[in-house]
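One structure below.
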Amino acid sequence: GGVRGGVDWMRKLAFRYRKVKDIYNNYRNSVGGLLGPGKRDQWLQLRSEIENVTDNWLTLAIKCLTLINSRPSNVNVLVTTTQLVPALAKVLLFGLGGIFPIENIYSATKIGKESCFERIIARFGRKCTYVVVGDGQDEEAAAKTMNFPFWRISSHSDLAALYNALDMGFL
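Heads up: the sequence shown begins at 2 in our numbering, then just goes up one per residue.
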């Protein structure tokens, strides 16, 4: 093995992330192909049961994200405290791969949400309007530091209100 941060280590890391990116992009619209037919059916059944007990929370969230995605000048960006590879797996499992290109998924595990927001500003520029949607104090605090509006989602009605605001063109 190489020294952490050494050229060999960086090459191995780059190769690993290229492989992860290839897998993500190949299955971003069809996680069933990655799971295989048996596991795919079990997973879809479980997702259906989750939807039943959460009053279709995921469906409503996907409606919001799809509406944002359909606008030519808007993008969805995901910032999570989950490590990157498990986060990508979750995105695929919940059918969100088509809504989040891999380049728009940031892990704040090591650097924090504020640093992720700074990277997003560096990438998309300061002239954009950013809206942070979340349920935690850390993203709310980071949003406040960046002067980004924050839309708290703590209940189904918050998600419905977000959809209505998007649908009516307020956001």
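Positions of the beta carbon are idealized from the N, C-alpha and C atoms, including for glycine.
First through last residue of the alpha helix (DSSP H) which encompasses residue i
i	result
Ile112	Per DSSP, Ile112 belongs to no alpha helix (DSSP H) and is neither H nor E.
Pro102	First-last for Pro102: undefined, no H or E at that position.
Leu93	85-94
Residue range of the beta strand (DSSP E) that includes residue i
i	result
Thr60	Segment 58-71 is the alpha helix (DSSP H) holding Thr60; no beta strand (DSSP E) there.
Ser74	No beta strand (DSSP E) contains Ser74, which DSSP labels as neither H nor E.
Among the options, the one whose alpha carbon lies nearest that of residue i
i	options	result
Ile103	Asp9, Tyr18, Ala162, Ala62	Tyr18
Leu89	Asn53, Ile24, Ser156	Ile24
Ile154	Gly170, Val133, Glu115	Val133
Lys145	Thr110, Phe118, Asn77, Ala162	Phe118
Ala161	Trp10, Trp58, Asn27	Trp58
Ala143	His157, Ser116, Leu172	Ser116
Met169	Ala15, Asp56, Cys65, Thr55	Cys65
Ser108	Arg127, Lys128, Thr83	Thr83
Presumed contact (8 angstroms Cβ cut-off) between residue i and residue j, rounded CB distance
i	j	result
Arg29	Gly137	Between Gly137 and Arg29 the Cβ distance is about 26 angstroms, and since that is not below 8 angstroms, they are no contact.
Leu61	Tyr164	6 angstroms
Leu35	Trp44	So it is not a contact: roughly 10 angstroms between Cβ atoms.
Thr67	Ile100	6 angstroms
Ile69	Leu167	7 angstroms
Val86	Val21	6 angstroms
Val32	Leu94	6 angstroms
Lys111	Glu140	Incorrect: roughly 16 angstroms between the Cβ atoms, too far for contact.
Proximity test, residue i beta-carbon vs the ligand MN heavy atom, cut-off 8 angstroms
i	result
Lys111	Only the bare structure without any ligand can be found here, which leaves the ligand MN out of the picture.
What ranges does the beta strand (DSSP E) occupy inside the segment 124-172, keeping only unbroken runs of at least 3 residues that lie completely in it?
133-135, 151-153
Let me know the alpha helix (DSSP H) ranges lying completely inside the segment 7-56, each 4 residues or longer, listed in chain order.
8-28, 32-36, 38-54
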